[in-house]
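I have placed the structure first, in the form of structure tokens, so that the comments after it can refer back to it.
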Amino acid sequence: MIVAFGFYQMVLIFKNSKLLIKTLATVIVMIVIGLNIIYVSDQFFIHYTVQFSENWDYGYKEAALYAIQHQKEYDEIIIDSAFGTLGPYIIGTPHLYVLFYGKLDPRQTQIERNIKDGKFSNFSFRTIYWPNDKLLKNTLFIGSPWRLPMEDLDKQQIIKTIYFKNGKPGFLIVKT
């Protein structure tokens, strides 16, 4: 509203001025608007998708595909819904990615899925608590680096690290 008022005042000032000044003012305003459009487009389409890829659930597809491909190798696959570099403040929907990329029959998963426990098949969608969960045998964990602390993991336990587009680790895939 303030910008519109300022623009209106500028129009009133140049209304009575010479044609050259009007043309010059119009060209300057158009250049500023054009540069602003270019800047915002660059920020949104180029930089934002890289710097804030975790806000777009980046990495869930790769994690879900890995879990689906290796589903039969483990007794249980535990996927944590909290992820990202901001700690437990970003919550995703990993079960939707597993269902979608696994091409699972929705009717079967609705019948089989235990809503209260967040489980279906050998998938479990819950918070990973590593001090207790590290004792589970033949289990695949998919979670963020702050849920699966690197200092408590052996190198051979870490199967894969999925990075966000900004280079920060987004998900660890760990086996016990």
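The numbering of the sequence shown is our numbering, which starts it at 15 and goes up by one. Ideal placement from N, C-alpha and C gives every residue a C-beta, glycine not left out.
Thinking residue i and residue j are a contact (beta carbons under 8 Å), I'd like their distance in whole angstroms, please.
{"i": "Glu-90", "j": "Ser-158", "result": "Incorrect: roughly 19 Å between the Cβ atoms, too far for contact."}
{"i": "Gln-171", "j": "Val-188", "result": "5 Å"}
{"i": "Ser-67", "j": "Lys-179", "result": "4 Å"}
Can you give the Cα-Cα distance for residue i and residue j, rounded to whole angstroms?
{"i": "Pro-108", "j": "Leu-49", "result": "40 Å"}
{"i": "Gln-124", "j": "Asp-147", "result": "26 Å"}
{"i": "Gly-20", "j": "Ile-27", "result": "11 Å"}
{"i": "Lys-151", "j": "Phe-114", "result": "27 Å"}
{"i": "Phe-155", "j": "Tyr-88", "result": "10 Å"}
{"i": "Lys-133", "j": "His-61", "result": "37 Å"}
{"i": "Lys-29", "j": "Thr-37", "result": "11 Å"}
{"i": "Ala-81", "j": "Pro-120", "result": "18 Å"}
{"i": "Ile-176", "j": "Tyr-22", "result": "52 Å"}
{"i": "Gln-57", "j": "Thr-63", "result": "9 Å"}
{"i": "Ile-16", "j": "Val-46", "result": "17 Å"}
{"i": "Glu-165", "j": "Met-44", "result": "56 Å"}
{"i": "Ala-39", "j": "Ser-55", "result": "24 Å"}
{"i": "Ala-77", "j": "Ile-51", "result": "36 Å"}
{"i": "Lys-86", "j": "Tyr-72", "result": "25 Å"}
{"i": "Met-24", "j": "Phe-59", "result": "32 Å"}
{"i": "Gly-98", "j": "Ala-18", "result": "40 Å"}
{"i": "Gln-7", "j": "Trp-160", "result": "Summary: the structure shown does not reach residue 7, with the chain confined to residues 15 through 190, and so no result is reported for it."}
{"i": "Lys-117", "j": "Asn-136", "result": "16 Å"}
Spatial neighbours of residue i within its chain, please: C-beta separation below 7 Å, excluding the five flanking residues on both sides.
{"i": "Gln-247", "result": "Residue numbering for the chain in the displayed model covers 15 to 190; residue 247 lies beyond these limits and cannot be assessed."}
{"i": "Ile-105", "result": "Ser-95, Ala-96"}
Among the options, whose alpha-carbon lies nearest the alpha-carbon of residue i?
{"i": "Lys-182", "options": "Ala-18, Gln-23, Leu-100", "result": "Leu-100"}
{"i": "Leu-110", "options": "Leu-79, Tyr-88, Glu-87", "result": "Leu-79"}
{"i": "Leu-149", "options": "Lys-179, Leu-167, Arg-140", "result": "Leu-167"}
{"i": "Pro-102", "options": "Asn-69, Gln-122, Gln-85", "result": "Asn-69"}
{"i": "Tyr-74", "options": "Tyr-53, Leu-118, Val-112, Gln-65", "result": "Val-112"}
Which same chain residues, not among the five before or five after residue i, have their C-beta less than 8 Å away from its C-beta?
{"i": "Leu-162", "result": "Ile-142, Trp-144, Phe-155, Leu-186, Val-188"}
{"i": "Ile-35", "result": "Phe-28"}
Excluding the 5 residues preceding and the 5 following residue i in the sequence, name in chain order all residues of the same chain whose CB lies nearer than 6 Å to its CB.
{"i": "Ile-93", "result": "Pro-108, Phe-139, Ile-156"}
Check your understanding: What alpha helix (DSSP H) runs, 4 residues minimum, are completely inside the segment 121-167?
Key -> For the segment 121-167, whole alpha helix (DSSP H) runs of length 4 or above, ordered along the chain, are 144-147.
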